[in-house]
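In the numbering used here, the protein residues as written are 17 to 211.
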């Protein structure tokens, strides 16, 4: 049996966080090597294992996977969180790519100039509540399931959960107009707590 996947990243959430969430949802234990200094990161680069000399990187199944989406797609497929057919995979990809757009805005928000912080936060919240969350609320309503795609948990659900929690850090009441997302969030958190 192969060992636990090993995650390489800086000491923070960043682009590795979704990978952590997806592995946790799959019930997979993993190890992490978190860089505290530039020298630790450069040592990994000099070792020649980083294809583009950037992280995240995940050692899994004898491979050194890089590029966040490639890592996530591999993990989702390996642990049956990537749909049952090409149509479901296409829906998962569309939902995930939209969520990536929103999560990138949030991820880079702390880098805002002080005089732009309030404007950038307003923009993020406006996009979340006017462009992105309505799509997922509608999907849940029309699908009639607790999941975005099919009748079971997928990568899209995990990504949505993570992004909702990120937006709630900015504004705790952000889901007040999205009752189905509130239910989904509660159910996912209960499932996670029960495991």
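All C-beta atoms, glycine included, are put in the ideal place defined by N, C-alpha and C.
Query, Result
"Quick one: what's residue 49 bridged to in DSSP?", "24"
"Run through DSSP, which three-state label would residue 73 get?", "strand"
"For residue 105, which residues in the same chain have their Cβ closer than 8 Å to its Cβ, ignoring the five residues on either side in sequence?", "98, 99"
"Closest to residue 225 by CA distance: which of 26, 47, 180, 21 is it?", "Limits of the chain in this structure are 17 at one end and 211 at the other, which puts residue 225 out of reach."
"Who pairs with residue 82 in a beta bridge, going by DSSP?", "73"
"Give a yes or no on whether the C-beta atoms belonging to residue 58 and residue 23 are separated by under 9 Å.", "no"
"Mind checking whether residue 125 and residue 136 have CB atoms under 9 Å apart?", "yes"
"Does the ligand NAD have even one heavy atom less than 8 Å from the beta-carbon of residue 136?", "Looking for the ligand NAD in the displayed structure turns up nothing, as the structure carries no ligands at all."
"Determine, using beta carbons only, whether residue 74 and residue 21 come nearer to each other than 9 Å.", "yes"
"To the nearest angstrom, how far is the alpha carbon of residue 87 from that of residue 128?", "28 Å"
"By Cβ distance, which residues of its chain are closer than 6 Å to residue 174, with the 5 residues on each side in sequence left out?", "37, 38, 41"
"In whole angstroms, what separates the C-alpha of residue 177 from that of residue 186?", "15 Å"
"Would you decide whether residue 161 is buried or exposed? Buried here means 16 or more other CB atoms lie within 10 Å of its CB.", "exposed"
"In chain order, what residues of the same chain have a beta carbon less than 7 Å from the beta carbon of residue 114, not counting five sequence neighbours either side?", "148, 151"
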